[in-house]
Amino acid sequence: MPCQSNDELFELVKEAKKYTNDGRVADYIPALGRANPHDLSIAIQYPDGQCLSAGDIERKISLQSISKVISLALVLMDRGPDYVFERVGMEPTGDPFNSIAKLETLTPAKPLNPMINAGALVVTSMIKGSSMEERLGRLLLLIREMTNNSALQYCEEVAKSEFDTAFLNRALCYFLKQHQMIQEDVDVLMDLYTKQCAIEMNCLELARIGMIFAMDGVDPDSRKQIIPTDIARICKTFMVTCGMYNASGEFAIKIGIPAKSGVSGGIMGAVPGKFGIGIFGPALDEKGNSIAGIKLLELLSKQYELSMF
Ligand code: DON
Numbered sequence: 042m043p044c045q046s047n048d049e050l051f052e053l054v055k056e057a058k059k060y061t062n063d064g065r066v067a068d069y070i071p072a073l074g075r076a077n078p079h080d081l082s083i084a085i086q087y088p089d090g091q092c093l094s095a096g097d098i099e100r101k102i103s104l105q106s107i108s109k110v111i112s113l114a115l116v117l118m119d120r121g122p123d124y125v126f127e128r129v130g131m132e133p134t135g136d137p138f139n140s141i142a143k144l145e146t147l148t149p150a151k152p153l154n155p156m157i158n159a160g161a162l163v164v165t166s167m168i169k170g171s172s173m174e175e176r177l178g179r180l181l182l183l184i185r186e187m188t189n190n191s192a193l194q195y196c197e198e199v200a201k202s203e204f205d206t207a208f209l210n211r212a213l214c215y216f217l218k219q220h221q222m223i224q225e226d227v228d229v230l231m232d233l234y235t236k237q238c239a240i241e242m243n244c245l246e247l248a249r250i251g252m253i254f255a256m257d258g259v260d261p262d263s264r265k266q267i268i269p270t271d272i273a274r275i276c277k278t279f280m281v282t283c284g285m286y287n288a289s290g291e292f293a294i295k296i297g298i299p300a301k302s303g304v305s306g307g308i309m310g311a312v313p314g315k316f317g318i319g320i321f322g323p324a325l326d327e328k329g330n331s332i333a334g335i336k337l338l339e340l341l342s343k344q345y346e347l348s349m350f
């Protein structure tokens, strides 16, 4: 077991916390703008049930883009890789998460990967169900199973705050609809997408999700295969190539752990075969990733030689 005690983790958090001064909390979703930029917490969940943590790990955060990995897993289970990858690509973009630029240069206008907003919107539109409520319910069910928390919900305030201000995402949807990449009503899709992004949990639950991916989709407690191995592998690969957007290359070199960030300041990490990581640090760098969260992962990866490469 690489990291042995909460004290060891606490020292790393103390060191990484200095970097919160260099970041800014996301405020383009107004409800996120109220977070304390100096917060930093981490939980590590091992498959044998042991859990290490430091900081305020009970605080709830919305998943934001971290949800994109789980919606991808769900649609891959719903429809299979061939159907899904006809509609969304597998390549990193080198562009920011909300960029519209590349879509216009592609024929067909197929988003390059499921982690950027354009790709995630196409993925969410593929979630099966006869109503928005049923589709959201199916996603929640999967996330509840992964976190082992049957009460997990989305935060209405965060969802509404994004729904009311998501002009760029709406623009992406209309562009995609014009090019037949999505068929449904844009406001229904935005309703589902903003609620998906607003699903909230604490760092312990985030670390448990990371652990399920690390263990190839198996819940070590129930021994149930929650996500098929091949789909968990696809998700982890996207976390490596696109999980930190246009910082993914540097992240792979310096840290080498499959990870996914969100603008709320969350990072979910999956150290293959070993453990899951949940981090919350709302001060972001200019690419929209938790600035101190990345530093913390870098310290952790160096100290315990966690790079998979
Ligand atoms: O669609 C958005 O802009 C947000 N709901 C999620 C973006 C996000 O988390 C990007 N991550 N770093």
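Sequential numbering from 42 applies to the sequence shown in my numbering. Note that CB positions come from ideal geometry on N, CA and C, so glycine has one too. If you're wondering where the values come from, they're calculated on a predicted model, not measured in any experiment.
- Taking Phe350 as the centre and dropping the five residues before and after it, the same chain places the C-beta of Gly297 closer than 6 Å to its C-beta, in chain order.
- For Phe138, the shortest separation between its Cβ and any heavy atom of the ligand DON lies below 7 Å.
- Here Gly329 carries a coil assignment [DSSP, helix/strand/coil].
- Secondary structure at Ser82: strand, using DSSP grouped into helix, strand and coil.
- Rounded to the nearest angstrom, the gap between the Cα atoms of Asn47 and Ser94 is 6 Å.
- The closest heavy atom of the ligand DON lies less than 7 Å from the beta carbon of Gln105.
- Taking C-beta separations shorter than 8 Å and ignoring five residues to either side along the sequence, the partners of Ile141 in its chain run Ala159, Leu209, Ala212, Leu213 and Phe216, following chain order.
- Of the heavy atoms belonging to the ligand DON, none sits nearer than 7 Å to the Cβ of Ser191.
- DSSP places Lys143 inside the alpha helix (DSSP H), whose first and last residues are Ala142 to Thr146.
- In this structure, the C-beta of Val304 approaches the ligand DON to less than 7 Å from one of its heavy atoms.
- Taking 8 Å as the cut-off, the beta carbon of Glu198 is found no closer than this to the beta carbon of Ala76.
- Checking the DSSP bridge columns, you'll see Ile240 partnered with Tyr195.
- Taking 4 residues as the shortest admissible run, the segment 258-327 contains the following complete alpha helix (DSSP H) segments, listed from N- to C-terminal end: 270-283 and 289-295.
- Your pair Glu241 and Ile107 does not check out as a contact, with CB atoms roughly 11 Å apart and the cut at 8 Å.
- The three-state secondary structure of Ala150, taken from DSSP, is coil.
- Note on geometry: alpha-carbon atoms of Val304 and Ile253 lie some 22 Å from one another.
- For the 8 Å CB-CB criterion, Gln86 and Leu245 form a contact.
- Note on the segment 92-170: whole beta strand (DSSP E) runs with a minimum of 3 residues are 92-95, in chain order.
- When distances are taken from the beta-carbon of Asn154 to the heavy atoms of the ligand DON, even the shortest one reaches 7 Å or more.
- Around the C-beta of Glu291, fewer than 16 other C-beta atoms lie within 10 Å, and the residue is accordingly described as exposed.
- Non-local C-beta neighbours of Ser289 in its own chain, meaning closer than 8 Å and more than five positions away in sequence, comprise Pro133, Val281, Thr282 and Cys283, ordered along the chain.
- Here Arg211 is not bridged, per DSSP, to any residue.
- Rounded to whole angstroms, the gap between the alpha carbons of Gly314 and Gly121 is 24 Å.
- Spatial neighbours of Arg100 in its own chain (CB-CB distance under 8 Å, excluding positions within 5 residues in sequence) are listed in chain order as Asp80, Ser82, Asn243, Cys244 and Phe321.
- For Tyr60, the closest alpha carbon among the candidates Glu339, Lys343 and Ile111 is that of Glu339.
- At least one heavy atom of the ligand DON lies closer than 7 Å to the C-beta of Glu203.
- In this structure, the straight-line span from the alpha carbon of Asp326 to that of Tyr286 is close to 12 Å.
- A Cβ-Cβ separation of about 5 Å places Lys169 in contact with Asp119 under the 8 Å criterion.
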